[in-house]
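From first to last, the protein sequence lines are chains A and B.
Straight run, no breaks: the first sequence in our numbering ends on number 215.
Straight run, no breaks: the second sequence in our numbering ends on number 215.
There are 2 protein chains.
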Amino acid sequence: MLFMKQTRGRPKAFDEDEALVLAMNYFWEHGYDDTSLDNLLPAMGIKKSSFYHTFKSKEALFSRVLDLYRKEMLSSLEILKKQVGAKQTLIMMAQMTIQELRETGTVKGCLMVNSGQECYKKYTNLSQQIAEEFDYFYRYFTSLVKEAQANGDITNTKEASVIAGRFLNMINGLLATIQAGAPQVLIDDVFEQIKELLE
Amino acid sequence: MLFMKQTRGRPKAFDEDEALVLAMNYFWEHGYDDTSLDNLLPAMGIKKSSFYHTFKSKEALFSRVLDLYRKEMLSSLEILKKQVGAKQTLIMMAQMTIQELRETGTVKGCLMVNSGQECYKKYTNLSQQIAEEFDYFYRYFTSLVKEAQANGDITNTKEASVIAGRFLNMINGLLATIQAGAPQVLIDDVFEQIKELLE
DNA sequence: CTATTTTTGAACTAAATAGTACATAAAAGC
DNA sequence: GCTTTTATGTACTATTTAGTTCAAAAATAG
Chain A
17 MLFMKQTRGR PKAFDEDEAL VLAMNYFWEH GYDDTSLDNL LPAMGIKKSS
67 FYHTFKSKEA LFSRVLDLYR KEMLSSLEIL KKQVGAKQTL IMMAQMTIQE
117 LRETGTVKGC LMVNSGQECY KKYTNLSQQI AEEFDYFYRY FTSLVKEAQA
167 NGDITNTKEA SVIAGRFLNM INGLLATIQA GAPQVLIDDV FEQIKELLE
Chain B
17 MLFMKQTRGR PKAFDEDEAL VLAMNYFWEH GYDDTSLDNL LPAMGIKKSS
67 FYHTFKSKEA LFSRVLDLYR KEMLSSLEIL KKQVGAKQTL IMMAQMTIQE
117 LRETGTVKGC LMVNSGQECY KKYTNLSQQI AEEFDYFYRY FTSLVKEAQA
167 NGDITNTKEA SVIAGRFLNM INGLLATIQA GAPQVLIDDV FEQIKELLE
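Spelled out as structure tokens, the structure:
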């Protein structure tokens, strides 16, 4: 950042924000528990002492990663919405998951939902934070539905929050169902169901 | 078991089937990775040497646990179906999850779906088996829908396998959505959506 | 009663884990 | 230049993990 007050002492040899993005991508790919510091630190390009000096602990780092993930996702969705509209943004979320499955054979899923399961009952602080992040998404999707209802792209007259909740649940289900190894025909039909909800 | 051929050598001091049930319950409560042998073995009531002698490895045990889980669940569902009918059995599956959440504040979820996520990309053998177990459920739920359509409890004329797939996906979503910390109102409305599907 | 077979308890191993300690390096302030 | 401050590299620690070793125990077969 420009104009930042110069601090005394030896300057950091890495960019904190860049390292955080690298950490986010590693966690997203591997999950929280399966990310060991011995593998994460090379991916972040820093050494252990720098890590603990800057980020305090694995859990504290992950808390910042969750925050960053929500910000990045919501801002990407906002950009997408400006390009293709609110309804199409919702549809594309499901579409992209299915396309990823088709092209790569696997699916990364949503960092928040994946971590939700990992942290449930086990890391209560993180779990609490995930609930708060989830609520941001819930409200954002509700606003997307409201907008699509207003411009006539969604004619379903149910309350926007109800449609958004059902949408989120089906998207979450899609991940779990894919990870349980469901056949492609089942996945494809869930996509149909999602489109029907948004008609 | 009666009439089993007496084997030579020192007899087992525990019942293999009972130990397997205890293991299943422990795994169900704690997940695969968070179940350490040091905690599992006391819960099973056996010592390490007996464990490895009988069950070979943690992964081999879990494979048997998954098999047992599917058998127990499908047989419980079959009993429930005889009592309350096919449609009500499906509805009660969702209802029981929500009730568990209300009463205890948490939810154990489906061992198979939970493990699906844990094993995805990491334990490919188990992941493959989970896909097979999932297919048993998919076919069983399809048969329940078919039966409910035949007796008029479900009037939705979509193919039974389509309804069953959508149902499974919403149930799986319910778990993920609860674990992500969604508000109760969202959960309750997903239950409404499930009932609408089965109308 | 003795040989054979199988199970069991206790102690051990090797690898991985998150986190620490500390000396050294590199900057700013004066 | 000297002091203060902050960052870094290397080595270490304590704990936990799945799995092994092996001698002793408890049964059957003859």
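Ideal placement from N, C-alpha and C gives every residue a C-beta, glycine not left out.
Item                                                                                                                                                                         : Value
DSSP three-state label for I170/A, please.                                                                                                                                   : coil
Taking 8 Å as the cut-off, decide whether the C-beta atoms of G181/B and V161/A are in contact.                                                                              : no
Which chain B residues are close to Y141/A, counting only those with a beta carbon under 9 Å from its beta carbon?                                                           : Checking the sequence shown, residue 141/A turns out to be Asn, not Tyr. In chain order: nothing, as chain B lies at least about 12 Å away.
What number of angstroms, rounded off, separates the C-alpha of K124/A from the C-alpha of Q195/A?                                                                           : 10 Å
Output the distance between the C-alpha atoms of D169/A and K103/A, rounded to the nearest integer angstrom.                                                                 : 6 Å
Where Y136/B and N167/B are concerned, what is the direct C-alpha to C-alpha distance, given to the nearest angstrom?                                                        : 39 Å
Going along chain A in order, which residues have a C-beta closer than 8 Å to the C-beta of A59/B?                                                                           : Ordered by position in chain A, no residue passes the 8 Å Cβ test against A59/B, which lies about 17 Å from the chain.
For the putative contact between F30/A and F78/A, defined by C-beta atoms under 8 Å, what is the C-beta separation to the nearest angstrom?                                  : About 18 Å; that fails the 8 Å criterion.
Is any beta-carbon of chain B found at less than 8 Å from that of G121/A?                                                                                                    : no
Quick one, are the C-beta atoms of I187/B and L82/B less than 8 Å apart?                                                                                                     : no
Below 8 Å between beta carbons is the criterion; list the residues of the segment 181-211 of chain B that meet it against any residue of chain A, in chain order.            : G181, R182, L184, N185, M186, I187, N188, G189, L190, L191, A192, T193, Q195, A196, G197, A198, P199, V201, L202, D205, V206 and Q209
Compare the C-beta of Y156/B with all C-beta atoms of chain A and state if any pair is closer than 8 Å.                                                                      : no
Apart from the five residues on each side of it in sequence, which residues of its chain come closer than 7 Å, Cβ to Cβ, to R80/A?                                           : L36
Count Cβ pairs between the segment 85-94 of chain B and the segment 148-155 of chain B that sit closer than 8 Å; are there 3 or more?                                        : yes
List in chain order: all unbroken alpha helix (DSSP H) runs of 4+ residues lying wholly within the segment 108-180 of chain B.                                               : 127-135 and 140-166
Are there 16 or more other CB atoms within 10 angstroms of the CB of K98/B, so buried, or fewer, so exposed?                                                                 : exposed
Would you mind working out which of E34/B, P27/B and F183/B sits nearest A110/B, comparing C-alpha positions?                                                                : F183/B
What whole-angstrom Cβ distance do E34/B and L142/B have, given they're in contact under 8 Å?                                                                                : At roughly 23 Å, the Cβ-Cβ gap does not stay under 8 Å, so E34/B and L142/B are not in contact.
Mapping DSSP to helix, strand and coil, what is R24/B?                                                                                                                       : coil
Between the C-alpha atoms of H69/B and D49/B, what's the straight-line distance to the nearest angstrom?                                                                     : 21 Å
What residues in the segment 104-129 of chain A have a beta carbon less than 7 Å from any beta carbon of chain B?                                                            : T122, M128 and V129
Note down the Cα distance separating T140/A from I114/A, rounded to an integer number of angstroms.                                                                          : 31 Å
Quick one: give me the first and last residue of the alpha helix (DSSP H) that K98/B is part of.                                                                             : K74 to V100
Against chain B, does Y85/A count as a neighbour if the rule is that its beta carbon must be under 8 Å from one of theirs?                                                   : no
Report the three-state DSSP secondary structure of D31/A (helix, strand or coil).                                                                                            : coil
List the residues of chain A that G132/B touches, going by C-beta distances under 8 Å, in chain order.                                                                       : A192, Q195, A196 and G197
Looking at the structure shown, is K63/B part of a helix, part of a strand, or coil, going by DSSP?                                                                          : coil
Strictly under 8 Å for the Cβ-Cβ distance: is F78/A near chain B by that measure?                                                                                            : no
Are the beta-carbon atoms belonging to L106/B and N185/A less than 8 Å from one another?                                                                                     : no
Using a Cβ-Cβ distance under 8 Å, would Y136/B count as near chain A?                                                                                                        : yes
Does the Cβ-Cβ distance between A59/B and V129/A come in under 8 Å?                                                                                                          : no
Indicate whether at least one CB of chain A lies closer than 8 Å to the CB of V178/B.                                                                                        : yes
Shorter than 8 Å from the beta carbon of A35/B to some beta carbon of chain A?                                                                                               : no
Could you name the residues of the segment 142-153 of chain B whose beta carbon sits closer than 7 Å to any beta carbon of chain A, in the order they occur along the chain? : S143, I146, A147 and F150
Distance cutoff 8 Å, beta carbons only. Does D54/A sit that close to anything in chain B?                                                                                    : no
Taking the C-alpha atoms as reference points, what is the distance between L84/B and S159/B?                                                                                 : 21 Å
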